[in-house]
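Let me begin by presenting the structure, written as structure tokens, before commenting on it.
In mature numbering (1 follows the signal peptide of the UniProt record, and there is no 0), the protein residues as written are -19 to -1, 1 to 291.
Here is the structure:
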């Protein structure tokens, strides 16, 4: 009789975590838990930021080494105050520790294609692994929604998006922002300028406020979000607004773009209208690159303040 009762109980028992199938950004078809409980992120300022913001059960993340030897999560620290007293350290960025990762007993691993596509097999031997591509030329919120869907957090994503959209719409209605913009990164060390098609909160906010992209953006190849140009194409970025970012942990600051421009294209700041009219908007990359609604809302406020000040 007892065996019969146990058999019946097993037949009607609901598994703790039903499996479902997801196709990740590398085209891999992966069976993952329907409700993962132990997620490990292998990229701090994309996957860690989004997973944390969605409220998914994130137990560990990769981190970076500061100059003083301490460990931190780029972007997640600045946007949410997240540190390694709250979740575990999975590895130092660029130095994957598979044994440490295995000891964490994850039931889902999230990794970026650029860093870990070649390591998919060893990662998948530890837990189901989803590869995310943040730089494929698609809008930030489309990519973020992919991750939310993978994690079963679509409803949470929709609530956050609705709140941001309302704020962006309200600001667009009360703020008169003229003309065109170009988003770029300037590298004074190698003498290059990267123009950006999609760059987190930076381009999303400028688009949502109604600014038009410069025509050169249309020449960026499909499947990527940026293109490197030389000083000979400097006139192609002569927009009403230039938006850019800097990395404080690499010694950069808001004036870095001025110094780098002077090295790459001497005299360009004298005729590019964004510089002439003081319409170069400069933000910490920790806040504008990570895909997050917190970053979008902060960037809305910062853009409003920067434009109002001019």
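Ideal Cβ positions, reconstructed from N, Cα and C, are used throughout, including at glycine.
Endpoints, the alpha helix (DSSP H) within which residue i is located
{"i": "residue 250", "result": "Element bounds for residue 250: n/a, residue is neither H nor E."}
{"i": "residue 224", "result": "Unbroken run through residue 224 is the beta strand (DSSP E), 222 to 227; no alpha helix (DSSP H)."}
{"i": "residue 257", "result": "254 to 257"}
{"i": "residue 237", "result": "237 to 245"}
{"i": "residue 65", "result": "From DSSP, residue 65 is part of no alpha helix (DSSP H); its letter is neither H nor E."}
{"i": "residue 184", "result": "181 to 189"}
{"i": "residue 44", "result": "Run containing residue 44: none in the alpha helix (DSSP H); it sits in the beta strand (DSSP E), 39 to 46."}
{"i": "residue 89", "result": "First-last for residue 89: 89 to 93, but that is the beta strand (DSSP E), not the alpha helix (DSSP H)."}
Close-in-space but distant-in-sequence residues of the same chain around residue i (CB under 7 Å, 5 per side omitted)
{"i": "residue -15", "result": "Here the model assigns residue -15 a pLDDT of 40, short of 50, so the residue's position is not dependable, and the following value carries that caveat. Once the five neighbours on either side are set aside, residue -15 has no close Cβ partner at all."}
Opening and closing residue of the beta strand (DSSP E) in which residue i lies
{"i": "residue 105", "result": "That residue, residue 105, is in no beta strand (DSSP E); its alpha helix (DSSP H) goes 101 to 105."}
{"i": "residue 174", "result": "173 to 177"}
{"i": "residue 208", "result": "207 to 210"}
{"i": "residue 167", "result": "161 to 168"}
C-beta contact flag for residue i and residue j at 9 Å
{"i": "residue 13", "j": "residue 109", "result": "yes"}
{"i": "residue 113", "j": "residue 5", "result": "yes"}
{"i": "residue 206", "j": "residue 117", "result": "yes"}
{"i": "residue 60", "j": "residue 34", "result": "yes"}
{"i": "residue 132", "j": "residue 29", "result": "no"}
{"i": "residue 129", "j": "residue 276", "result": "no"}
{"i": "residue 180", "j": "residue 228", "result": "no"}
{"i": "residue 21", "j": "residue 87", "result": "yes"}
Cβ-based burial, residue i [other Cβ within 10 Å; buried from 16]
{"i": "residue 241", "result": "buried"}
{"i": "residue 174", "result": "buried"}
{"i": "residue 282", "result": "exposed"}
{"i": "residue 189", "result": "buried"}
{"i": "residue 202", "result": "exposed"}
{"i": "residue 56", "result": "buried"}
{"i": "residue 243", "result": "exposed"}
Cβ-heavy atom distance, residue i to the ligand ADP, below 8 Å
{"i": "residue 276", "result": "The ligand ADP is absent from the structure shown, which contains no ligands of any kind."}
Contact set for residue i: own chain, Cβ-Cβ below 6 Å, skip 5 residues either direction
{"i": "residue 90", "result": "21, 104, 108, 110"}
Closer than 8 Å is the cut-off here; do at least three beta carbon pairs connect the region 184 to 200 with the region 153 to 171? yes
So does the region 215 to 231 actually touch the region 261 to 271, counting three or more Cβ pairs closer than 8 Å? yes
Report yes or no: do three or more beta-carbon pairs, one from the region 37 to 47 and one from the region 58 to 76, lie closer than 8 Å? yes
Taking 8 Å as the threshold, find out whether the region 146 to 158 comes into contact with the region 231 to 251 through three or more Cβ pairs. no
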